[in-house]
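Residue 105 is where the sequence shown ends in the numbering used here, and the numbering goes up by one at each step. Notes follow the structure.
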Amino acid sequence: MHPSFEERFDEVGELLQRTKAAHSGLYSRIDRRAPAKPVRYQVTGGSFGMYQIKDRTTGKTRAFRDDYKAAHELAMQFEAKTNRQIAVTL
C-alpha cells in the first residue's frame, strides 16, 4: 500500500480515538452512561416548517412531518422497529 494511504489511515484512527475519548468525557461530566448503540434516525430541519427524518446509516430521508413533535415520535417508532429482535418460530 502507498505510504500516504497508510499515513492517512493512522491519522483517521487517531481522530476516532480522540472522538471516543471526548464522548466518554462528556458523559462522565453529566453523570450518564454513554448509549450502547448510536441513534440511527435523526430529525433535521429540511425547509421552512418541514422536518425530515433521516436514516444516518444510508443518508436517505425516510419521511417528512410539519411538526417537530410528530417527526420526533415517528423517528422513535422507526428506531424501535430497527431495535426489535426477530422472533424465530419452529
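In this text, a Cβ means the ideal position worked out from N, Cα and C, and glycines have one as well.
Opposing strand residues paired with Gly-60 [DSSP bridges]: Answer is Tyr-66.
Taking the Cβ atom as the reference point for each residue, do Tyr-56 and Lys-69 lie within a distance shorter than 9 angstroms? yes
Report, in whole angstroms, the separation of the C-beta atoms of Gly-64 and Asp-81, which I expect to be a contact under 8 angstroms. Sure, about 6 angstroms apart at Cβ, within 8 angstroms.
So, using beta-carbon positions, are Val-54 and Arg-71 closer together than 9 angstroms? Their beta carbons are under 9 angstroms apart, which means Val-54 touches Arg-71 by this criterion.
I need the straight-line Cα distance from Met-16 to Ala-85, nearest angstrom please. 49 angstroms
For Met-91, verify whether its CB is less than 8 angstroms away from any heavy atom of the ligand GDP. With respect to the ligand GDP, the structure shown offers nothing to examine, as it has no ligands at all.
Taking the straight line between their C-alpha atoms, what separation do you get for Leu-105 and Val-58? Residue placement at Leu-105 cannot be trusted, given a pLDDT of 48 that sits under 50; what the coordinates show is reported in the next sentence. Using only the alpha carbons, I get a separation of about 39 angstroms.
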